[in-house]
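Trainee:
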Amino acid sequence: MDPSMDPAKTLAFLRVVIATAWADGQLQPQEWPWLQQLLQSIGHDPAIQAEVESWLTRPLSPQDYRQAVQAFVDLHPTCQDRRSLYAWAKQVIYADNEVSLEEAYILDQLGELSRDKTGSPTETDRIPVIIQDFQGLVGRWLSPDPRPHPSP
Numbered sequence: 519m520d521p522s523m524d525p526a527k528t529l530a531f532l533r534v535v536i537a538t539a540w541a542d543g544q545l546q547p548q549e550w551p552w553l554q555q556l557l558q559s560i561g562h563d564p565a566i567q568a569e570v571e572s573w574l575t576r577p578l579s580p581q582d583y584r585q586a587v588q589a590f591v592d593l594h595p596t597c598q599d600r601r602s603l604y605a606w607a608k609q610v611i612y613a614d615n616e617v618s619l620e621e622a623y624i625l626d627q628l629g630e631l632s633r634d635k636t637g638s639p640t641e642t643d644r645i646p647v648i649i650q651d652f653q654g655l656v657g658r659w660l661s662p663d664p665r666p667h668p669s670p
């Protein structure tokens, strides 16, 4: 997580990761080291710490998770912020070597969110266009010339 992220984004980021940890209904012992590492990376802002502690002491519902993701998205995170969120959520989800159905859904959703949303095509998006261009070029080479040829 980027330590220079503004406090509102940081709080939304943390809420999504913590809600992800609660997705299977409990915080697993293996998830705690990842959550502690994440909390240490943001420093000791008392306002954030108090809010986060309340999320760690009671399960967050699927509704809490959806609200957390929406709050994060509403803050217009950068592509790097979204990728960082996905990476942290993935670490927490895989920490106990078991992925519940809810966690798989969350990982898929955050994976979609982490993709570049700039509208510019990625290299894999361009493959069908490149193939079409190539087929057109080869087709012109292989097709007979429609122009009449003068007789010798």
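With my numbering applied, the sequence shown covers 519 to 670. Using N, Cα and C, we set each Cβ at its ideal position, and we do this for glycine too.
Would you report the Cα separation of SER559 and ASP599, rounded to the nearest angstrom?
Mentor: Their backbone Cα atoms lie some 14 Å apart in a straight line.
Trainee: DSSP three-state call for THR596: helix, strand or coil?
Mentor: Three-state DSSP puts THR596 in coil, outside helix and strand.
Trainee: If you count every other CB in all the chains shown that lies within 10 Å of the CB of SER632, and 16 or more means buried, which is it?
Mentor: SER632 comes out buried.
Trainee: With a CB to CB cut of under 6 Å and the five nearest residues on each side skipped, what residues in its chain are close to GLY637?
Mentor: Residue placement at GLY637 cannot be trusted, given a pLDDT of 47 that sits under 50; the coordinates are not used to answer.
Trainee: Report the three-state DSSP secondary structure of ASP563 (helix, strand or coil).
Mentor: Looking at ASP563 - three-state DSSP - the assignment turns out to be coil, as it is neither helix nor strand.
Trainee: Taking all protein chains shown into account, do 16 or more other C-beta atoms lie within 10 angstroms of the C-beta of THR538, making it buried, or fewer, making it exposed?
Mentor: Buried: at least 16 other Cβ atoms inside 10 Å.
Trainee: Does the beta-carbon of ALA530 have 16 or more other beta-carbons within 10 angstroms, so that it is buried, or is it exposed?
Mentor: Looking at its Cβ environment, which holds 16 or more other Cβ atoms inside 10 Å, ALA530 is buried.
Trainee: Terminal residues of the continuous alpha helix (DSSP H) containing LEU532?
Mentor: Note, LEU532: alpha helix (DSSP H), 525-539.
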